[in-house]
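Under my numbering, think of the first position of the sequence shown as 166, with each following residue one higher. Okay, structure first, notes after.
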Amino acid sequence: MTAPLTADAHEYGLVGDGAADDRPALQELVDALGDATAEDGRPRTVRVPTGRYVIRNEPVLWRSGVSLIGAGRRHLLRALRPFLFSEQE
166 MTAPLTADAH EYGLVGDGAA DDRPALQELV DALGDATAED GRPRTVRVPT
216 GRYVIRNEPV LWRSGVSLIG AGRRHLLRAL RPFLFSEQE
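Put into structure tokens, the structure is as follows:
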């Protein structure tokens with residue numbers, strides 16, 4: 166995967182329908198973007214469109230250099246599980 170600087174969550178398998186478990190796709194995306202950032206030093210962003218994203222069973226291990234941006238001021242991002250942040254490369 167060639168990692169873009171900004172990745173749309175829906176294009177990488179997140180559904181955001183309130184039923185599907187989005188954790189596996191989000192973890193895969195965060196890992197890919199984190200690896201790319203570690204390789205070239207350029208930060209990456211996950212852009213999350215409006216939706217209800219479900220994170221089940223395990224938290225998402227967040228990677229250094231990867232940011233999350235939601236749909237905007239009038240939208241709410243809810244996580245059923247916390248995100249874990251890691252400085253590991």
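We put the CB at the ideal spot given by N, CA and C, even for glycine. No experiment lies behind these values; they were computed from the predicted model shown.
Check, Outcome
"Can you give me the C-alpha to C-alpha distance between Arg188 and Ala174, rounded to a whole angstrom?", "11 Å"
"Under a Cβ-count criterion, where at least 16 other Cβ atoms within 10 Å of its own Cβ denotes burial, should Gly178 be classed as buried or exposed?", "exposed"
"Just how far apart, CA to CA, sit Thr215 and Glu204?", "30 Å"
"Please classify Thr202: does DSSP put it in a helix, a strand, or coil?", "helix"
"How would you write the range of the beta strand (DSSP E) that Gly183 sits in, first residue to last?", "182-186"
"Kindly indicate which three-state DSSP category Val231 falls into: helix, strand or coil?", "strand"
"How many angstroms separate the CA atom of Ala185 from the CA atom of Val219?", "6 Å"
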